[in-house]
Structures are given as structure tokens and as C-alpha cells.
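For reference, the structure is listed below as C-alpha cells.
2 protein chains.
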Amino acid sequence: MMVSTKGRYALTVMTDIARNSDGGYVSLADIAERQKLSMKYLESIIAILNKGGLLESLRGKNGGYKLARDPGDYNISEILLLTEGTLAPVNCIMQDGVQCEKAATCSTLPLWAGLDKVIENYLSKITLEDIINGNRRKMLGDYCDHCDTL
Amino acid sequence: MMVSTKGRYALTVMTDIARNSDGGYVSLADIAERQKLSMKYLESIIAILNKGGLLESLRGKNGGYKLARDPGDYNISEILLLTEGTLAPVNCIMQDGVQCEKAATCSTLPLWAGLDKVIENYLSKITLEDIINGNRRKMLGDYCDHCDTL
DNA sequence: CTTATTCCTACCTCGGTGGTAGGATTTGTC
DNA sequence: GACAAATCCTACCACCGAGGTAGGAATAAG
Chain L
229 MMVSTKGRYA LTVMTDIARN SDGGYVSLAD IAERQKLSMK YLESIIAILN
279 KGGLLESLRG KNGGYKLARD PGDYNISEIL LLTEGTLAPV NCIMQDGVQC
329 EKAATCSTLP LWAGLDKVIE NYLSKITLED IINGNRRKML GDYCDHCDTL
Chain G
229 MMVSTKGRYA LTVMTDIARN SDGGYVSLAD IAERQKLSMK YLESIIAILN
279 KGGLLESLRG KNGGYKLARD PGDYNISEIL LLTEGTLAPV NCIMQDGVQC
329 EKAATCSTLP LWAGLDKVIE NYLSKITLED IINGNRRKML GDYCDHCDTL
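Just so you know, the protein sequences line up as chains L and G, in that order.
Quick note, the first sequence lines up with residues 229 to 378 if you use the numbering used here.
Quick note, the second sequence lines up with residues 229 to 378 if you use the numbering used here.
Set out below in C-alpha cells:
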């Protein structure tokens, strides 16, 4: 599994806030209630989003969280990357410049690199707004005959 | 991580056999030696490939393993699917017909379905032969301007 | 009958996932 | 000023899959 509950819940939180904010702050309790998820666990995930600058928060009564930008300005890749740490499908393609010692002679490496690229390409093209609007054509790719058969 | 060492080593084993078989059987010890991997661990992985019908085996002296088909007739998806069990990037898209209970109202599900499709599409188009031949254009996709910018 | 090999079963360690618990701090409202 | 509603912070924990290891039984070639 490439994306754990952390990343999935992060995305759920972002869409929930986008939908229910209306300019104001949305409380953690409300999100947990609506999404039927553990408030305590969501809290730890939201903290990541907040520290990462994807959300803005207000403490105290009537406080909560709101998006730092317009939904269309978030791509899914950055949300998942922040919460998951990496989106690489395999260990041997780790980003931080550290390469597998066998990389030079590894014949399967191009495959993993290609897979990584395909994933990153897909996720970076889709925005939070696409999810809110239920843009199925963009997400499921039915519109692209070429890519379907390729 | 979507693909563990099990799947990666499985692919490494398949390419090693394809390269070194020459019609005959390749022994586990030789593969482990060439690839610098634990023979005991490889053994458990090769057992899956063998039971799954991707390899043929011969016991006893001068025994070993060989491919059941031509390299060009294996696509990477089936090799990884057999060893990993699933290639789904998230838990909530599990294949066996069992769906998440929130599926009907989940706005992020199409995203995961689309991601799953993109991955499956990529891996099913590449063959073992492509890896052996180092077909970088196909694996890294540089030839497709359209898909690059899409 | 010896040797090289696959086949089978059982076991082990470690780190990450998926949480839970409790309290400290901040802010709006009366 | 008190209270309530909210975020923020630190610590803890159980479970399970990843990534192996170990030892021996069965089989086939020479």
C-alpha cells in the first residue's frame, strides 16, 4: 500500500474543510463527526497539514481550520507528499539523493523510475477542486482515448 | 511503499533467469550469488513464482528453474500481482469485490480508482523482455509528448 | 550412494501503522 | 473574571506485515 490512512484522511479533511468552510473556520470536532473518524487521530494528521502551511488555524472558541489557498491551487501530490513523506512506489527510488548501491547495474531501476513518474504525473495534475467538483473524467481519464490504449 | 522487496526480488529473479537460462535450468544458488541476495529469502519468493506457474522447476542435481514462457509474454503487472497480492495504492480499493462501506458517498474514491488504473495501465504494458532489453523509452515514457504534458 | 538441488514448515525481530490519553494553552462570550 | 470551546503538545501502546533465518525432507543425476 502506497498511501496509508494518514494520507487518505488528510485528503478527506482537506475536502471537508473546502466544502464546509465558507470563509470561516471549521472545527476538528465537526470534521470528525461528519466523516465518522476518530477526532484524536484526525488531530495528529491535521497538525501536519497545519505546520506544512496547507491550512490556517485559529485557537479558542469558534476556532478551527480553513484552507490557506483556493482549492484549485492545491494539487493532490503535495498533500499526500506532506503527510506520507514520500510517494515512491518502491524503496529503491528514495528521493533525498540517496541511491541504491546497485543502481548503476540494476536493470529494473528504469521500470521503478517510470512508475514513479507516472504516479507523480497523475497526482500533480489533479487539484482539490477537481475532487470537490467530482471531476470524474479527469480523475478516471475516460476522455483520453490515446492514454487508455497506450 | 506499494511494492516490497518480495515483488522487486521476484522481478530481479525473473530477469536473471531470462538472461542466464539459455533453454536450461538455472539454480537458486547461482541467482542468489549473481544478485547478491539471500538464497533462503529468494527461495521463498521463487516458490510463489513457481506455484503461480510463471516458472518451471526441476529438482535434484543440475536442477533449477526456467521461464514457463517467452520473456515477451510476461507483463510486469502479473509478476508483481502474484507476489504482492495486490497493486492497489490504497486499502479502500481492494479488488475482491469488497468495497469500503462509505464508497457510495466518498468523494475521494474516484481519485484512488484513477490512480489504480494509471498504475495498472503502466505495468501491464511493459514486458519482461522490455526490461531485459533496457527499453528505456517505453519504461520512462520520454517518447510520448502528449502523456508528458498531460 | 553421494551430491546437488528443490521443497516444506516453522520461527524470529523490528519498525511502522493506526490509533489513544491527558493535559496545557488560547480565545470568544456572558 | 469565569467559563466554555477550541487548538496545541507530549507521551504511550498494540498489532501486524516486512524481511528475513533455520533445518531438514524429498528428488534426481552421475
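The beta carbon of each residue, even a glycine, is placed where N, CA and C say it ideally should be.
Extent of the continuous beta strand (DSSP E) to which residue i belongs
i, result
"Gly292 of chain G", "Gly292 to Leu295"
Rounded straight-line distance, which links the Cα of residue j to that of residue i
i, j, result
"Thr336 of chain G", "Ser232 of chain L", "14 Å"
"Met242 of chain G", "Leu309 of chain L", "32 Å"
"Met367 of chain G", "Ser285 of chain G", "30 Å"
"Gly432 of chain L", "Ala341 of chain G", "Past the boundaries of the shown model lies residue 432 of chain L; chain L is included only from 229 to 378, so the question cannot be answered."
"Gly291 of chain L", "Asp258 of chain L", "11 Å"
"Ala316 of chain L", "Glu261 of chain G", "28 Å"
"Cys328 of chain L", "Arg247 of chain L", "43 Å"
"Pro338 of chain G", "Asn278 of chain L", "26 Å"
"Lys268 of chain G", "Ser255 of chain G", "13 Å"
"Leu378 of chain G", "Gly369 of chain L", "Note on Leu378 of chain G: pLDDT 29, under 50, position unreliable in the model; the coordinate value appears next. Computed Cα separation, rounded: 11 Å."
"Met230 of chain G", "Arg287 of chain L", "37 Å"
"Ser266 of chain G", "Ser305 of chain G", "24 Å"
"Thr314 of chain G", "Gly362 of chain G", "26 Å"
"Ile441 of chain G", "Arg365 of chain L", "Within the shown structure, residues of chain G are numbered from 229 to 378, placing residue 441 of chain G beyond reach of any answer."
"Glu271 of chain L", "Ser249 of chain L", "17 Å"
"Ala331 of chain G", "Gly280 of chain G", "32 Å"
"Thr333 of chain L", "Cys334 of chain G", "44 Å"
"Gln263 of chain G", "Gln263 of chain L", "48 Å"
8 Å contact criterion, which residue i and residue j should meet: CB distance rounded
i, j, result
"Glu312 of chain L", "Lys234 of chain L", "7 Å"
"Leu282 of chain L", "Ile307 of chain L", "7 Å"
"Val346 of chain L", "Val346 of chain G", "6 Å"
Terminal residues of the alpha helix (DSSP H) in which residue i lies
i, result
"Leu379 of chain G", "The structure shown has nothing for residue 379 of chain G, since chain G only spans 229 to 378."
"Thr233 of chain L", "Thr233 to Asn248"
"Ser335 of chain G", "No alpha helix (DSSP H) holds Ser335 of chain G; DSSP gives it neither H nor E."
"Ile276 of chain G", "Met267 to Lys279"
"Ala260 of chain L", "Leu256 to Gln263"
"Lys366 of chain G", "Arg364 to Leu368"
"Leu309 of chain L", "Ile304 to Glu312"
"Glu357 of chain G", "Leu356 to Ile360"
Residue i and residue j closer than 8 Å at C-beta
i, j, result
"Tyr253 of chain G", "Lys294 of chain G", "yes"
"Tyr237 of chain L", "Ile273 of chain L", "yes"
"Ile354 of chain G", "Asn319 of chain G", "no"
"Leu351 of chain G", "Leu343 of chain L", "yes"
Next on the checklist: Using 8 Å as the cut-off, can you tell me whether the stretch 298 to 306 of chain L makes contact with the stretch 341 to 358 of chain L, which would need three or more C-beta pairs spanning the two stretches below that distance?
Outcome noted: yes
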